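One structure is given here, and the rest of the page talks about it.
Protein chains: 2
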Amino acid sequence: MQALRDRLSRITDLNHAAAILEWDQETYMPEGAEESRARQVATLRSLSHELLVDDATLNLMESASPESPIDQDLIRITRKDVEKATRVPASLIAELAIASGRSKGAWQKARATNNFGIFAPHLEKIVDLTVQHAEALGYDQNPYDALLDQYEEGMTTAEVARVFLDLKSQVIPLVKKIADAPKLDDRAVHGAFPEDAQWAFGIEVAKQLGYDFHCGRQDLSAHPFSTAFSITDVRITTRVDPSFFSPGFFGTLHEAGHAMYEQGIDMALEGTPLADGTSLGMHESQSRLWENLIGRSKPFWSHYFPQAQALFPEVLGKETLESFYQSANTVAPSLIRVEADEVTYNLHIMLRFELEQEMIAGKISIKDLPNAWNDRMESWLGVRPSTDSDGVLQDIHWSLGAIGYFPTYALGNLMSTQLFDAAKRDIPNLDSLTASGQFADLLGWLRTHVHTHGRRKTASEILFDATGAPLSSASWMKYATKKFGDLYGF
Amino acid sequence: MQALRDRLSRITDLNHAAAILEWDQETYMPEGAEESRARQVATLRSLSHELLVDDATLNLMESASPESPIDQDLIRITRKDVEKATRVPASLIAELAIASGRSKGAWQKARATNNFGIFAPHLEKIVDLTVQHAEALGYDQNPYDALLDQYEEGMTTAEVARVFLDLKSQVIPLVKKIADAPKLDDRAVHGAFPEDAQWAFGIEVAKQLGYDFHCGRQDLSAHPFSTAFSITDVRITTRVDPSFFSPGFFGTLHEAGHAMYEQGIDMALEGTPLADGTSLGMHESQSRLWENLIGRSKPFWSHYFPQAQALFPEVLGKETLESFYQSANTVAPSLIRVEADEVTYNLHIMLRFELEQEMIAGKISIKDLPNAWNDRMESWLGVRPSTDSDGVLQDIHWSLGAIGYFPTYALGNLMSTQLFDAAKRDIPNLDSLTASGQFADLLGWLRTHVHTHGRRKTASEILFDATGAPLSSASWMKYATKKFGDLYGF
């Protein structure tokens, strides 16, 4: 058993070393190092893969005598990891890597010049290889199951489709209702927000939420992200816009939410492959919970608005708690997913989820994708992209071969409210705690019910055990209807 | 051959990944991560070692058909690396690691409490294991040869002893002469030197020397160092003292000198184990050349003093080029090696070199070390430590088991002047180029004669090919006698 633990610890160390190299690449690495860094990361990832699929790992698992429930989980989950890693032939993995390498450049060019034709043949190739990938991975009912399972283990296409259908049928009317209501003003989040003060305020609030900077830090990067190198080294990055408060501040809260998940994993799992978030959806539930359910709530700002006002007197001096709260929560159908508000965001995701399934099933040809995209945008959100750059070409994911990834964003939103409702049942004074800047009870609840388990429980298991119910859109719909009904007066 | 190249590239990537993790540890890593980081670095180093000594590497070397002179060197030098790595039994390496782990803590405590007795038994153990280490590594004449060879390949104890004896016999009288001369004032490097301006000035000058920030960067750390992750990613760190100009500025020049060496290695060696400085002495020659022979020279400051004056008007406003040049070059026998000036520095090294040899040969018992240290300090430098913390306990090296390392510092000084004299023969107007802030010719000369070779030539080969002579103390003595004779008026 100790030999198995040592081997898995090495594999984990290699993966974390690769993550450190990638973090450096996005934050401090000099430009000239791009090529060597790509090679170094690839070497670490390959070595980790080779150690995992090596017969020695299997033999150790066969002969190991687990000495604890953690050991049992280590063997059970590693067995799955090895199976997944060995099911796909190395030649197909290499083909996918080459295709996505080429495709990424083509996508960048296509988006820059608004020319879908440049990207189309690459996307066709990616879809073709992805179908082969799904076949190799294996599935019960739907090839898309295999793709989804890479990011959201155990979740099926049918289950996601059912929940999303339910969600869509209620979000579209909600968006229409909001569009028909008088618009809210968002002036209080635009204007002069000095970068240093934004930076310091974001860090201060993240600390108060419970993100431990003794085992973490924040740096600048072009695209914000969170990354973990161990339970005691979980970092976030952010960007700061000197004339727009929201991206920096809510971005910091979002990434801090991811980071607090990783920091809350049971230290007994440190250095093992179980010390990780259990799925992308569950990860996103933690980031969205802190960003939206806490960070964009009235109780939160009833505590923090006076501080924000003192820090940013030029813009906020003449604003009120109410006008600031409204500004941070305006809803407006728009073209770009990453700029979307809380309500319309899920529609952007469901659009991609539908198109992905149709592509994989061969029900839509690549050349028809731009129109299908634009039609659905118009019908669901009431806005139609005038260029493919603002439409089907906006996201990098498909160019990288990441098909099956998008749904996890919306799943995270749904899980976040479902967990939040359960936390509220256990902490009846949660709102007043939030209104006094006290988050220890909520974080403690999340630690106990979500974080501590690492990968020992799947997202569905965590959700069911914590809330007593399987995934559904009910909590989120109730939350959104109440919050935005109050804001927009219906 | 390609399979061998791939394998060596992986080994190199692992070592560079470990270096990135170590760099992060000294610059940005949150405190809480210490334990996990130590494990991760150890994993990468072990994997690299295992790949190197694996039979597969030997077999590839046996069967590979070199296609170029670089391939031939790759095989020749890797063969040596493998031999060295396999000669020492794993059990001894583990014993050394454990002993130095324990010894480091004891040394810290001993130094903090000025109690050599705490460290003595650990040092005894280290010396005992180091003797075994030398036996395992093998040598022709002197066990110390094997230790020295780890840091300065091909250099023998006899050769170093001969050169150092020569040096010592001339430096001691020089130091006495300086001590008898009227003291120089060093007021111009002390006072208010704002940190931001120091930081910016250091970077600006390093750029002008030729350190390429497209493939490098400078960060803050407690102990300045230079580190390379590839030929296109070579970084330095520095510290800045707001009331003392020298440590920050000359530290930056020193580390930039190391970094320019690594940046100048032939790109055909990128990703191979040959893309590294050839020895610690040769590395130090590059740092000391830029720090002292350029950075503390009159021509250099005739160009940069006006800029420094404009940046630091509070201290330098009333100073002259002459008073500043003197302040940057005062000589005063002192107790601490890392604070020593150009002239006395070599005596600190030779003291350690002699004591190390005596320890390894069993000619001195550990308990007599403090007195032997103090006696030699008094006789050579005219100062006697009043505490062991300022004497035998001042350096971390022995506690880490790094015996044989110290001589490379003085070897670097000697090589630097020897190379500089050769460069001056080839670039007759070198002083006037320096005086106009133009360093391209000198850097080009060093690139051609030193940097480009990486590990393909030993330090002795580089020195002989570049200067036409073997290592000697003559150049350095001539340089020091002239420079400090002029400064101190004899």
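Those protein sequences? They're chains E and Y, same order as listed. The first sequence begins at 3 in the numbering used here and counts up one residue at a time. The second sequence begins at 3 in the numbering used here and counts up one residue at a time. Where a beta carbon is used, it is the ideal one built from N, C-alpha and C, also for glycine. The model shown is predicted, which means the values in this text are computed figures rather than measured ones.
- prompt: Cβ atoms of Gly456 (chain E) and Leu282 (chain E): under 8 Å apart, would you say?
  reply: No, the pair does not count as a contact, with Cβ atoms beyond the cut-off.
field: Per-residue contacts from Ile22 (chain Y) into chain E (C-beta, under 7 Å)
entry: Against Ile22 (chain Y), the close residues of chain E are Ile22, Leu23, Asp26, in the order they occur along the chain (beta-carbon pairs closer than 7 Å).
- prompt: Could you give the distance in angstroms between the alpha-carbon of Arg104 (chain E) and the alpha-carbon of Met417 (chain E)?
  reply: 36 Å
query: Looking only at DSSP bridge pairs, what is Asp221 (chain Y) linked to?
result: Y:Thr239
task: Spell out whether any CB of chain Y is found under 8 Å from the CB atom of His51 (chain E).
output: no
query: When you check each C-beta in the segment 216-248 of chain E against every C-beta of chain A, which residues fall closer than 9 Å?
result: Here chain A cannot be found, since the structure's protein chains are E and Y.
- prompt: If you follow the alpha helix (DSSP H) that Ala437 (chain Y) is part of, which residue opens it and which one closes it?
  reply: 432-437
message: Taking the alpha-carbon of Ile128 (chain E) as reference, which of E:Glu69, E:Gly403, E:Gln143 has the nearest alpha-carbon?
response: E:Gly403
- request: May I ask which residues mark the beginning and end of the beta strand (DSSP E) holding Phe231 (chain Y)?
  value: Its beta strand (DSSP E) spans residues 228-232.
- prompt: CA-CA distance, Arg81 (chain Y) and Ile174 (chain Y)?
  reply: About 43 Å.
- prompt: Where does Phe251 (chain Y) fall in DSSP's three states?
  reply: Three-state DSSP puts Phe251 (chain Y) in a helix.
- request: Please confirm if the segment 418-433 of chain E is in contact with the segment 279-293 of chain E, defined as three or more CB-CB distances below 8 Å between the two stretches.
  value: yes
message: Below 8 Å on the Cβ atoms is my contact criterion, and I expect Gln55 (chain E) with Val84 (chain E) to pass it. Report the Cβ-Cβ distance as a whole number of Å.
response: Gln is not the amino acid found at residue 55 (chain E); the sequence shown has Val there. That belief holds up - the Cβ atoms of Val55 (chain E) and Val84 (chain E) are roughly 6 Å apart, short of 8 Å.
- request: Could you tell me which residues DSSP pairs with His192 (chain E) in its beta bridges?
  value: E:Phe246
message: Quick check: the segment 230-242 of chain Y against the segment 464-475 of chain Y, are at least 3 beta-carbon pairs closer than 8 Å?
response: no
- prompt: Does any C-beta atom of chain E lie closer than 8 Å to the C-beta of Met31 (chain Y)?
  reply: True, the Cβ-Cβ gap to chain E drops below 8 Å.
task: Evaluate the contact criterion for the segment 238-253 of chain Y versus the segment 185-192 of chain Y: three or more CB pairs, one atom per stretch, below 8 Å.
output: Yes, the segment 238-253 of chain Y touches the segment 185-192 of chain Y.
Outcome for Asp390 (chain E) when other beta-carbon atoms lying within 10 angstroms are tallied against a minimum of 16: Classification for Asp390 (chain E): buried.
task: Could you have a look at Thr115 (chain Y) and say whether DSSP puts it in helix, strand or coil?
output: helix
For Gly319 (chain E), the three-state DSSP class (helix, strand or coil): coil
task: Using a cut-off of 8 Å between C-beta atoms, extract the partners of Arg41 (chain E) located in chain Y.
output: Chain Y residues near Arg41 (chain E): Ser11, Asp15, Gly273.
message: Less than 6 Å between C-beta atoms, sequence neighbours within five positions excluded: which residues of the same chain meet that for Ala261 (chain E)?
response: Tyr213, Gly218, Ser228, Val236, Ile238
message: Any beta carbon of chain Y sitting closer than 8 Å to that of Thr38 (chain E)?
response: Note that residue 38 (chain E) is Ser in the sequence shown, not Thr. Yes, Ser38 (chain E) counts as interfacial toward chain Y.
message: Output needed for Ser475 (chain E): all residues of its chain with C-beta closer than 6 Å, excluding positions within five of it in sequence on either side, in chain order.
response: Val165, Asp168, Leu169, Leu416
query: Do Ile180 (chain E) and Phe486 (chain E) have their C-beta atoms closer together than 8 Å?
result: yes
task: Starting from Asp198 (chain Y), follow the alpha helix (DSSP H) in both directions and report where the run begins and ends.
output: 197-211
Separation of Glu126 (chain Y) from Thr410 (chain Y), as counted between CA atoms: 23 Å
- prompt: Beta carbon of Trp382 (chain E), beta carbon of Leu337 (chain E): below 8 Å?
  reply: no
- prompt: Taking the alpha carbon of Ala87 (chain Y) as the point to measure from, which residue in Y:Leu49, Y:Ile100, Y:Phe121 has its own alpha carbon closest?
  reply: Y:Leu49
- prompt: Would a C-beta distance cut-off of 8 Å place Ser38 (chain Y) and Gly273 (chain E) closer than the cut-off?
  reply: yes
task: Count the other CB atoms, across all protein chains shown, that sit within 10 Å of the CB of Val340 (chain E); report buried if there are 16 or more and exposed otherwise.
output: So Val340 (chain E) counts as exposed.
message: Excluding the 5 residues flanking Asp433 (chain E) on each side, which residues of the same chain have their C-beta closer than 7 Å to its C-beta?
response: Pro301
query: Going along the chain, which residues of the segment 432-445 of chain E sit with their C-beta nearer than 7 Å to a C-beta in chain Y?
result: none
task: Output the distance between the C-alpha atoms of Thr183 (chain Y) and Gly491 (chain Y), rounded to the nearest integer angstrom.
output: The sequence shown places Ala at residue 183 (chain Y), not Thr. Cα-Cα distance, rounded: 8 Å.
- prompt: In its own chain, which residues sit with a C-beta less than 8 Å from the C-beta of Thr460 (chain Y), not counting the 5 before and 5 after it?
  reply: If we look at Thr460 (chain Y) and ignore the five residues flanking it on each side, its Cβ neighbours are Glu155, Gly156, Thr280, Ser281.
task: With DSSP as the reference, label Phe441 (chain Y) as helix, strand or coil.
output: coil
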